[in-house]
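Asks: So for the sequence shown, my numbering puts the first residue at 15; every next one is plus one. Using N, Cα and C, we set each Cβ at its ideal position, and we do this for glycine too. Keep in mind it's a predicted model, so treat the numbers as computed, not measured. Could you have a look at this structure, given as structure tokens, before my questions?
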Amino acid sequence: MIHYKCRQGTYPSSNIRRFQIPEEKVSWKIEYSEYKPVEYTASNLTGKSWADPEIDNISFKPKWNSIDGKVNRRSFMGDYVINKDGYPLNPIGRTGIIGRGLLGRWGPNHAADPIVTRWKQDLAGMIQINKDTKKPILQFVAIQRQDSGEWAIPGGMVDPGETVSATLKREFMEEAMNFLGKDETEKEKLEKSMRTFFEKGEEIYKGYVDDPRNTDNAWMETVALNFHDNNNSVIGSITLIAGDDARNVKWMDIDKNLNLYANHSEFIRKTVQKRDAHW
Ligand code: RP5
Ligand code: MG
Ligand code: MG
């Protein structure tokens, strides 16, 4: 695997330019003495409960490559390297930025991505077949991200001590159902109605995410699961409402022209293969 999105131009929500790295120099194994990445850690990380302190803070004693109390510092990519200055190194290679950028954790930042799908139907309830591929068209619940304006899977960070399956359901309800904007009674009702549906997910992807926020020392990893509403009875019949860090939400038709945040299109393609849908 190689990363692209986290090597492009300006770092998100900043005017920091990434050091431009030719593809053949991405790997740490390749000597690159001209490499002079810019250091950037967003100032609003300081003091946040979800963020680590600076590496040289004497009270910070991270257990790299381990479950560190409630924080998972293990990588799906195998053990990552800690450089001579004590900084974890991105398992894919150079990104043109050192520090943490916008990410809270040094090393892996774990997320979960719920890929909620259904078959596209017409008003009469007939499943839509693509004329060329003769395969049924799959739709997934996509959100438009507040930060970049790109469409994406409604994923989010795994909170300390939280299970991945809890994150998948929570993030979906927050971003695609505006859970946080509801009162306690509504929240309870919604949570209950989603419980069974979110019990039977199928794993699609586990590993590194080519997220535009990645740096040489901090990066995103995810577990993506597919929850398929085969007869449009659970999610298919519920009104989607954008919430939290989503500015829009919709059922998006899937085909090979998808252009999503980070490498989310790749996760969707894998879902299509699994369901033998149109691409
Ligand atoms: C991506 O960022 C993951 O795949 C997930 O969709 C998302 C998590 O970050 P936030 O949505 O919380 O910003 O790398
Ligand atoms: Mg979220
Ligand atoms: Mg999110």
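Go to K39, then tell me how far its beta strand (DSSP E) extends in each direction, as first and last residue.
Replies: Note, K39: premise wrong, no beta strand (DSSP E); not H, not E.
Asks: For a test of your reading of the model: does the CB of D197 fall under 7 Å from any non-hydrogen atom of ligand 3? Yes or no.
Replies: No, Cβ of D197 sits at least 7 Å from all heavy atoms of ligand 3.
Asks: For K77, which three-state DSSP category applies?
Replies: If DSSP states are grouped into helix, strand and coil, K77 belongs with coil.
Asks: Is M187 helix, strand or coil by DSSP?
Replies: Reduced to three states, the DSSP call for M187 is helix.
Asks: Could you tell me the alpha carbon to alpha carbon distance between L137 and G221, rounded to whole angstroms?
Replies: Roughly 39 Å between the two C-alpha positions.
Asks: In the DSSP assignment, what residue or residues form a beta bridge with W12?
Replies: The requested residue 12 is not part of the displayed model; the chain covers only 15 to 293.
Asks: Can you tell me whether DSSP reads I282 as helix, strand or coil?
Replies: Helix, per DSSP.
Asks: Are there 16 or more other CB atoms within 10 angstroms of the CB of Q287, so buried, or fewer, so exposed?
Replies: It is exposed - the Cβ of Q287 has fewer than 16 other Cβ atoms within 10 Å.
Asks: Going by DSSP, what residue range makes up the beta strand (DSSP E) through T236?
Replies: Residues 232-242.
Asks: For T55, which of P76, S28, D243, S73 has the nearest alpha-carbon?
Replies: Answer by Cα proximity: S28.
Asks: Got a sec? Which residues, its chain only, sit under 7 Å from E185 by beta carbon, not counting five neighbours each side?
Replies: Cβ within range, chain order: A126, P128, P168, G169, G170.
Asks: Give the range of the alpha helix (DSSP H) segment to which K206 is assigned.
Replies: Where K206 is concerned, the enclosing alpha helix (DSSP H) stretches over 198-209.
Asks: Can you list the residues near ligand 2, meaning Cβ strictly closer than 7 Å to any non-hydrogen atom, in the order they appear in the chain?
Replies: Counting every residue whose Cβ lies closer than 7 Å to a heavy atom of ligand 2, we get G170, E185, E188, E189, D258, D259.
Asks: In whole angstroms, what separates the C-alpha of K43 from that of V223?
Replies: About 21 Å.
Asks: Mind checking whether N246 and T109 have CB atoms under 8 Å apart?
Replies: No, the Cβ-Cβ distance between N246 and T109 is not below 8 Å.
Asks: Using the Cα positions of A291 and D225, report the straight-line distance between them to the nearest angstrom.
Replies: Taking the straight line joining both Cα atoms gives about 26 Å.
Asks: For A65, name the three-state secondary structure that DSSP assigns.
Replies: Coil, per DSSP.
Asks: Say whether the stretch 94-113 touches the stretch 189-196, bearing in mind that this needs 3 or more beta-carbon pairs closer than 8 Å, one atom from each stretch.
Replies: No: fewer than three Cβ pairs fall under 8 Å.
Asks: Which of the three DSSP states, helix, strand or coil, is assigned to K19?
Replies: Helix, per DSSP.
Asks: Look up Q34 in the DSSP assignment and say whether it is helix, strand or coil.
Replies: Here Q34 sits in coil by DSSP.
Asks: Note down the Cα distance separating P174 from Y49, rounded to an integer number of angstroms.
Replies: Distance between the alpha carbons of P174 and Y49: 34 Å.
Asks: Just the C-alpha distance for E68 and V95, rounded to the nearest angstrom, thanks.
Replies: Whole-angstrom Cα-Cα distance: 18 Å.
Asks: Does the beta-carbon of I111 have 16 or more other beta-carbons within 10 angstroms, so that it is buried, or is it exposed?
Replies: Looking at its Cβ environment, which holds 16 or more other Cβ atoms inside 10 Å, I111 is buried.
Asks: With three or more C-beta pairs closer than 8 Å as the rule, is the stretch 195-214 touching the stretch 80-91?
Replies: With the cut-off at 8 Å, the stretch 80-91 and the stretch 195-214 do not touch.
Asks: Within its chain, find whatever has a CB closer than 6 Å to the CB of L116; leave out the 5 residues flanking it on each side and keep chain order.
Replies: Here the set comprises A56, R227.
Asks: Is any heavy atom of ligand 3 found at a distance shorter than 7 Å from the C-beta of P67?
Replies: No - ligand 3 has no heavy atom lying nearer than 7 Å to the Cβ of P67.
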